[in-house]
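Everything on this sheet refers to the single structure shown next.
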């Protein structure tokens with residue numbers, strides 16, 4: 091996969107965050123036409139992917155990102171410096187996060203691609219959509235503070251910090267699925283978006299919400315493909331566990347074929363333009379960019395489930 095990022099000719103490279111190959115394979119033809127291949131991601135999470143995939147500068151590329159790990163001002167990654175690697179970086183996670191969603195909607199990414207294309211007509215575009223990663227567009231932001239157990243009641247955050255450390259240790263030992271089952275048996279509230287959906291509707295509801303997120307991203311990227319022109323490629327930074335081996339999500343040093351196997355889709359723009367897809371029902375489909383958000387990188391990562399606040 092890494093070689094293809096540098097060796098293949100593309101004008102738009104759209105990265106769907108946490109996109110499973112099997113779900114993409116099943117639904118993509120309703121939105122885009124082209125050639126699909128399965129490739130191996132160098133990472134099981136965004137940090138590992140970014141630090142492994144982008145090894146050489148891409149001076150002719152503008153990176154439009156809804157993912158907070160792509161930052162020029164507050165990077166947490168020692169071996170990935172977006173400001174040094176790319177001609178320009180649009181940090182949408184910092185400027186265009188929808189507060190009710192806790193993430194950047196796909197239409198906002200597409201509109202930013204349009205702005206970047208007008209400003210830099212001679213540059214290529216990498217667009218990092220956060221979907222199908224949580225939060226779910228069909229449900230909104232679920233990991234609100236009141237959903238957490240042992241919140242910051244002591245002022246200094248000591249209890250919350252201890253809970254977070256214990257929570258992360260248990261996730262590593264038990265996996266999220268078993269940990270969530272244990273918490274449910276103990277009568278503890280769900281703390282993560284996936285966990286909330288599982289408690290409300292089980293695996294079917296979770297997979298449905300995940301697929302809906304991908305459909306929204308695919309529907310939106312069609313406009314970006316038309317705007318940029320030339321050759322477009324759709325891919326992913328990593329996959330997502332949705333119950334395999336009783337585990338969910340990604341990261342935390344987990345490794346699984348589902349996390350590594352991702353799509354590499356070379357778009358046929360003319361054939362794609364002939365497709366007339368049904369718009370997914372999305373609560374945020376009419377949202378537009380422009381409102382400045384001042385929350386920190388840590389806050390944005392928390393909304394996406396990477397860190398506990």
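Residue numbers (my numbering): 91 to 399. All residues carry an ideal CB built from backbone N, CA and C; glycine is no exception.
- Less than 8 Å divides the Cβ of residue 215 from the Cβ of residue 207.
- Between the stretch 185 to 195 and the stretch 295 to 303, the count of C-beta pairs closer than 8 Å stays below three; the two stretches do not touch.
- The DSSP-derived three-state label of residue 130 is strand.
- In the displayed model, residue 221 falls within a strand according to three-state DSSP.
- The straight-line gap separating the alpha-carbon atoms of residue 145 and residue 198 is approximately 28 Å.
- Per DSSP, reduced to three states, the secondary structure at residue 173 is helical.
- Residue 285 has its alpha-carbon roughly 9 Å from the corresponding atom of residue 292.
- The three-state secondary structure of residue 228, taken from DSSP, is coil.
- Scanning 162, 166, 109, 119 for the CA closest to the CA of residue 137 turns up 166.
- Residues of the same chain with a CB within less than 6 Å of the CB of residue 120, apart from the 5 flanking positions on each side, are 367 in chain order.
- Separation of residue 111 and residue 211 (C-alpha to C-alpha, rounded to the nearest whole angstrom) is 31 Å.
- Put simply, the backbone Cα of residue 282 is about 19 Å away from that of residue 109.
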